[in-house]
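Contents: one structure, followed by commentary.
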Amino acid sequence: MAAQLLDKMIAQLIHSGSIREDDKDLYAYGLQQGLFIILNVLTTVAIGLISGMFWQSILFMAAYLPLRSFAGGYHAKTQLLCYLYSIMLTSAVLWAIKLIPWTNSICLGLALLAGAVIFILGPVEDSNKPLDQIEIATYKRRTRAILLFEMSIIVLMLGVGHNDILPGMSVSLFALSVMLVLGKVKKHNKERDFV
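The sequence shown lines up with residues 243 to 437 when you count with the numbering used here.
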């Protein structure tokens with residue numbers, strides 16, 4: 243069903259002259275990825291609504307997605323697995339925010355630990371998306387800039403007493419740091435098996 247919809251969209255774009263026939267595979271892939279991202283965002287919001295944690299699900303995406311885009315980390319082998327892992331990750335993050343008795347010290351400690359891991363490891367490339375040296379340097383700079391911005395927000399919120407967002411941001415950073423470690427382990431194991 244989704245494939246047929248994509249084919250119709252691409253055919254219409256070619257017919258209207260918006261894209262060339264030669265580029266149809268590239269645009270089909272881009273549209274497929276875009277629809278997949280929309281599905282993930284809608285699922286995250288739905289999980290947030292169902293669990294009574296709507297704004298926490300939005301905060302999770304706001305803190306996690308920009309960093310994940312540049313820091314990389316573990317990637318599943320298929321889109322279905324990616325989607326299922328995303329559901330599990332979102333559920334685990336929201337569960338942790340809700341059930342752990344958070345203090346400012348725990349939030350700050352977790353954010354600093356996760357931030358150090360992200361700062362040191364990012365970006366972690368995947369075999370599906372290898373990076374050249376220029377991309378590595380660019381992604382590292384962007385990862386660190388976004389991380390610095392998010393850590394500044396955490397410190398600022400601590401300073402002004404808006405402690406309600408601290409668990410969400412801290413757990414989001416921690417989730418990303420785990421994804422980076424898993425991505426490094428996966429890459430190391432692939433390289434070891436290759437040799």
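For glycine and all other residues, C-beta sits at the position ideal for the given N, C-alpha and C.
Source: prediction; values computed, not measured.
Apply the 10 Å Cβ neighbour rule to residue i and answer buried if 16 or more other Cβ atoms are within range, or exposed otherwise.
i    : result
T320 : exposed
F391 : exposed
S347 : exposed
A417 : buried
A358 : exposed
R434 : exposed
I289 : buried
I280 : exposed
S412 : buried
A245 : exposed
S414 : buried
V366 : buried
A313 : buried
L309 : buried
L247 : exposed
L322 : exposed
L379 : Here the sequence assigns Ala to residue 379, which means Leu is not the residue at that position. So A379 counts as exposed.
L408 : buried
L422 : buried
Am I right that residue i and residue j are in contact with their C-beta atoms under 8 Å? What's the rounded C-beta distance?
i    : j    : result
G403 : Q298 : At roughly 18 Å, the Cβ-Cβ gap does not stay under 8 Å, so G403 and Q298 are not in contact.
M303 : T286 : 6 Å
K426 : L363 : 6 Å
D368 : H317 : 4 Å
S360 : S293 : Position check: residue 360 holds Ile in this sequence, whereas Ser was assumed. At roughly 26 Å, the Cβ-Cβ gap does not stay under 8 Å, so I360 and S293 are not in contact.
T315 : L424 : Looking at the sequence provided, one finds Gly at residue 315 rather than Thr. The Cβ separation is near 7 Å, so the contact holds.
Among all the DSSP beta bridges, which residues are the ones paired with residue i?
i    : result
K371 : D368
G314 : V366
Does the count of Cβ pairs from the segment 334–343 and the segment 268–283 closer than 8 Å reach three? no
Any contact of the segment 374–391 with the segment 260–267, i.e. 3+ C-beta pairs under 8 Å? no
Assess, as a yes-or-no matter, whether the segment 385–401 is touched by the segment 329–340 under the definition of 3 or more beta carbon pairs within less than 8 Å. The segment 385–401 and the segment 329–340 do not touch, with fewer than three beta-carbon pairs separated by less than 8 Å.
Does the count of Cβ pairs from the segment 252–262 and the segment 298–314 closer than 8 Å reach three? Contact fails: fewer than three Cβ-Cβ distances are below 8 Å.
Is the segment 312–326 in contact with the segment 347–357, if contact means three or more CB pairs nearer than 8 Å? no
Alpha helix (DSSP H) runs contained entirely in the segment 327–402, provided each spans 4 or more residues: 346–363 and 375–402
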